[in-house]
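Okay, so the sequence shown: first residue is 65 according to the working numbering, each after it adds one.
From the three backbone atoms N, C-alpha and C, an ideal C-beta is built for every residue, glycine too.
If you're wondering where the values come from, they're calculated on a predicted model, not measured in any experiment.
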Amino acid sequence: MIDYRLLAALAAVMEQGGFDRAAKRLHLTQSAVSQRIRLLEQQLGAPVLQRSTPPELTELGLRLNNHYQQVRQLESGLGLDAMLEQDLQVIRLTTNADSLATWLPTALAAIAPLQRVQYDLVVEDQDVGLKRMKRGEVMACLCSSPRAVNGGKVSHLGVMRYRALISPNLLQSFAAPLDKKTLAQIPCLVFSRDDQLQHRFLRELMGVSAPQQIHLCPSSEGFVQMALAGLGFGMMPELQVQQYLASGQLVDLVPGQHLDIPLYWHYWQTESPLMKSLRHAVEQQAKQVLLSL
């Protein structure tokens with residue numbers, strides 16, 4: 065059985081950003097905190113921390129810290145916070161960048177008491193974010209996969225509509241009508257190597273195998289700005305670009321064509337009261353802003 069005093073030391077090092085401040089938080093000496101981390105690693109036979117500045121968790125350390133945070137939240141649900149000297153509760157979750165840039169922050173701010181929560185967000189493409197949930201690194205995951213992981217449950221939130229948008233000036237630089245050959249020549253914006261929305265749009269709706277030129281832009285806001293600047297077309301959520309559509313600064317690459325991407329909230333069966341409150345806030349906000357196709 066894991067000694068939770070050792071996990072508390074690990075969590076404190078990460079939350080406080082170092083051994084010295086973790087020692088002050090736990091009312092221990094720095095050497096005592098270091099000893100607890102070493103003992104944890106000896107028991108498990110693998111490192112849990114990278115001794116960098118600030119320290120970073122290994123993959124094993126991520127799983128352990130996530131488990132410890134869930135235990136803290138379950139204990140908090142017993143109403144024994146004062147006895148257990150619990151204060152800050154860390155919520156580590158995975159989300160896609162477009163939700164984070166549009167509707168998700170409102171849901172994150174809705175749970176109370178907010179001053180006792182620290183969010184640790186991991187941004188992944190909506191098609192691949194669930195891998196961190198499978199490894200036990202996060203407490204919840206917002207992604208496009210409908211299949212629950214072992215030990216987990218899933219809630220369907222709704223649909224986010226994406227449109228292939230481009231600046232009018234860039235579009236006009238290519239001869240009309242836009243046939244397959246021309247579509248493949250238009251520069252394409254891609255969020256990351258995992259981002260296949262643009263490729264999927266071209267392949268499934270237009271019959272184009274792949275764009276000939278791409279620009280990688282791992283920023284949801286930067287993605288829109290690059291499109292506005294005329295660097296390429298990209299798939300963007302309607303929620304994020306209403307003002308640019310209304311002003312005509314962005315137009316559809318192919319009018320009438322779009323992709324509807326479903327979003328799901330993945331959570332563990334051993335859901336703490338805090339995580340249940342967050343799930344309800346996410347579901348409520350999603351109901352207001354996402355499509356229900």
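Of the residues assessed, residue 237 falls on the exposed side of the cut-off, its CB having fewer than 16 other CB atoms within 10 angstroms. In the DSSP assignment, residue 101 falls within the unbroken alpha helix (DSSP H) covering 94-108. DSSP places residue 324 in the strand class (E or B) of the three-state scheme. As computed with DSSP, residue 207 is found in a beta bridge with 328. Given a length threshold of 3 residues, each whole run of the beta strand (DSSP E) inside the segment 238-285 is given here in chain order: 252-254 and 278-280. DSSP places residue 117 in the coil class of the three-state scheme, outside both helix and strand.
Residue state for residue 305 is assigned as helix, using DSSP reduced to three classes. Residue 156: member of the beta strand (DSSP E) spanning 153-159, first to last residue.
In this chain, residue 341 is not harboured by any beta strand (DSSP E); it is covered by the alpha helix (DSSP H) spanning 337-353. Its chain contains 81 and 82 as the residues whose beta carbon lies nearer than 8 Å to that of residue 118, once the 5 sequence neighbours on both sides are disregarded; these appear in chain order. Residue environment for residue 232: exposed (fewer than 16 other C-beta atoms within 10 angstroms of its C-beta). Closest in C-alpha terms to residue 84, from the list 72, 71 and 98, comes 98. Beta-bridge pairing by DSSP links residue 300 to 227. With a threshold of 16 other beta carbon atoms within 10 Å, residue 214 falls short and is exposed.
Looking only at 205, 326 and 90, the smallest Cα-Cα distance to residue 155 is reached by 205. In this structure, residue 108 places its C-beta atom within 8 Å of the C-beta atom of residue 124. Here residue 296 has 230, 234, 250, 251, 252, 253, 277, 278, 279 and 290 as same chain residues with Cβ atoms under 8 Å from its own Cβ, once five neighbours each way along the sequence are excluded.
Residue 162 places its beta carbon less than 8 Å from that of residue 224. Note on residue 293: under 16 other CB atoms within 10 angstroms of its CB, so exposed under the neighbour-count rule. Annotation: residue 178 is outside any beta strand (DSSP E) and is labelled neither H nor E by DSSP. The segment 315-334 makes contact with the segment 256-271; the number of CB pairs closer than 8 Å reaches 3 or more.
Around the CB of residue 357, fewer than 16 other CB atoms lie within 10 Å, so the residue is classed as exposed.
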